Structure formats: structure tokens, C-alpha cells
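Right, one structure below, let's go through it.
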Amino acid sequence: MKTSAANTTAPPLDPVELIDWFTASARPLPWRAPGTTGWGVLVSETMLQQTPVNRVRPIWEEWMRRWPRPSDLAAASQGEVLRAWGKLGYPRRALRLHEAAGIIAAEHGDVVPSDVDTLLALPGVGAYTARAVAAFAYGKRAPVVDTNVRRVVARAVHGAGDAGPPSTKRDLADVEALLPADDATAARLSAALMELGQVVCTVRSPQCEACPIAQDCAWQRAGRPAYAGPPKKVQKFAGTDRQVRGKLLDVLRGSDGPVERAQLDAVWSDAGQRDRCLDSLLVDGLIEQTDDGRFALPGEH
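Dropping the structure here:
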């Protein structure tokens, strides 16, 4: 009997080689340590969004010492949480995590859920974070897709120099097709794919000679063609509202209580942009105005 091609086609990547490489070479990050709870993983994944590991590590370690369980964080004030968030950026993440902690404590027995759909119902938890917690905290088979994984798949599977514009449906399907059937191996492969994109298959200087799947890589076989897709947006920071919002929050984090408007006005000369950013911080609940017209972190007046 002739076997169909569909039954004989090998997977595009060898999971054994990639997992063996990860086991031998993975960075010893604190949230990967044995015994890290689902809460520890949720905190790390929230902090790591668009933020480098070296900035996250000390703050994550301090958070876990201070708030080892969701109920511990939920008992803190929003102001305390924003102070502890420091300069990680995108401080709304801190408030959503604080809100999620309250729900986890009240509705889930102070234990972060392991089910993707239940995780998605938590404030601030999106498609990536829910699957990352399921895979990395609970060893479940769930396609975890970030920019690093998308780049590895674009090169190794599709032979492209980099990933094009994201598509949640397509990207999840791409990674889903790579995962072995059993939970533990699939979760380990998810972590390995991400690590490969972060430390080897990088954007500008991929270390192909150190890649454990170089022999299977479609991009290598094609001669490493340059990326020819749509230009990717480059995020700038200097002069943006993000920078101004951060400066305004820095004033409040550095104070012992409410501050006068003049102290905020001093940090940015463009009054129009400064006022717009101050208004947006008030709308987002990241700062509050007192009855006498001063400004403070939430709950600190």
C-alpha cells in the first residue's frame, strides 16, 4: 500500500534538537526557577511586555518578595503598586495586574488559573499572556506567540528574513502546527522557540552558527534573503506622550504626598502636550486630583 505524502512529511523543525538546546543553554531567569508559581509567571509576563529582561529582573524579584500571592498585591494601594512598578513603562499594566490580583484572590482561591479561557477573562490578560501562563507555569500545550517566536517561524518555516505584519489567527496556527501532541513537550518547545528568538535568531545579528535547527531552516537553505515585506513601524520614545507621562509620574513617585501643579509643569516645556498627558493620566486612573487642586498617586491623598 502506498503511503500518502501527508503521512510521511516530517515536521519543519525538530523539537528534540530545539528542546535539548534549550535545556542546555536557557538563561537562568528567576521566573524559570523550580517552584515558581503561576502568579510569579503572570507577574513576569506582564512586566516583560515590551520591556527588556535586565530591567524586569530586579523589579520582579522585589515584587515577589513583597507580594508573593495575588491577595498580597490586592491588599496594596494603587499608589504603592505604581511606586513599585518604577520605570518599567506602560504603567497601566500595573493597575490591570492589581485588578487581576483582586479577582484571582476572591474568585480563584488565590491561585492563578491554568485554563486559557479563564485567564483571558482577567483584566489585562491578552492572547499572548494567557497562553504563556498556561504553557510556562502549568506545562500545557498552548501556542505562545510573541515577536521573537514570529521571527523564528518566519525564517525557519517560511524562509523569510523576518515576520510580516502580525495576524493572530495565522500566527497561532503556524505555531500550533509545530507543537507536539503531549502537553509537557509542547510547553517546553514553546519556551525553546521564544528563547531561540531572543538570544540566537535575533533581528539584526542572527547567530546562525550557534542555532540548533540551522540545518532545518528554510531561510538558511534559501541563502538568507533580506526581508522584503512591508516596512515595520519603528517605535520612538523621545518627545512622545509616553515620555511626558513618564516624567509626570516620576514626580509623583518621588514625592511623599500630593504635589502642586507647578511641580508637574516644571518637567516639560510644551504646555499643550503636558496638559494633554496630565489629562490622560487622570482619565487612566494613574493619578488623582485632590480637592485643593493638587495631584497624587491613586489613594495617596
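Everything in the sequence shown is counted per UniProt numbering, starting at 1 for the first residue and increasing by one.
Cβ coordinates follow ideal geometry from the N, Cα and C atoms, glycine included.
It should be emphasised that the depicted structure is a prediction, and the values quoted were computed from it without experimental measurement.
Check                                                                                                               : Outcome
Backbone secondary structure at residue 288 - three-state DSSP                                                      : strand
Residue 305, DSSP secondary structure in three states                                                               : This structure cannot settle anything about residue 305, because the visible part of the chain is limited to 1 through 301.
Backbone CA spacing between residue 95 and residue 284 [nearest angstrom]                                           : 9 Å
The segment 162-171 / the segment 189-197 touching (three or more Cβ pairs under 8 Å)                               : no
Burial state of residue 81 (16 or more Cβ within 10 Å)                                                              : buried
Cβ pair residue 149, residue 190 closer than 9 Å                                                                    : yes
Helix, strand or coil at residue 22 [DSSP, three-state]                                                             : helix
Sequence-distant residues of the same chain with beta carbon closer than 7 Å to residue 145, five excluded per side : 128, 171, 172 and 175
Cutoff 7 Å; reference residue 244; Cβ partners in own chain excluding five residues on either side                  : 268, 273, 274 and 277
Same chain, Cβ closer than 6 Å to residue 301, neighbours up to 5 away in sequence not counted                      : 258 and 290
Unbroken alpha helix (DSSP H) run spanning residue 160, endpoints                                                   : Element bounds for residue 160: n/a, residue is neither H nor E.
Three-way DSSP call (helix, strand, coil) for residue 175 in this model                                             : helix
Among 295, 238 and 237, nearest to residue 265 - alpha-carbon criterion                                             : 295
Counterpart residues of residue 296 in DSSP-defined beta bridges                                                    : 288
Top-ranked residue by Cα proximity to residue 204, from 255, 151 and 221                                            : 151
The segment 236-243 in contact with the segment 58-66 per 3-pair CB rule at 8 Å                                     : no
Neighbourhood of residue 79 by C-beta, 8 Å cutoff - its chain only, sequence neighbours within 5 removed            : 296, 297, 298, 299 and 300
contact_flag[the segment 68-75, the segment 102-109] where n(CB pairs < 8 Å) is 3 or more                           : yes
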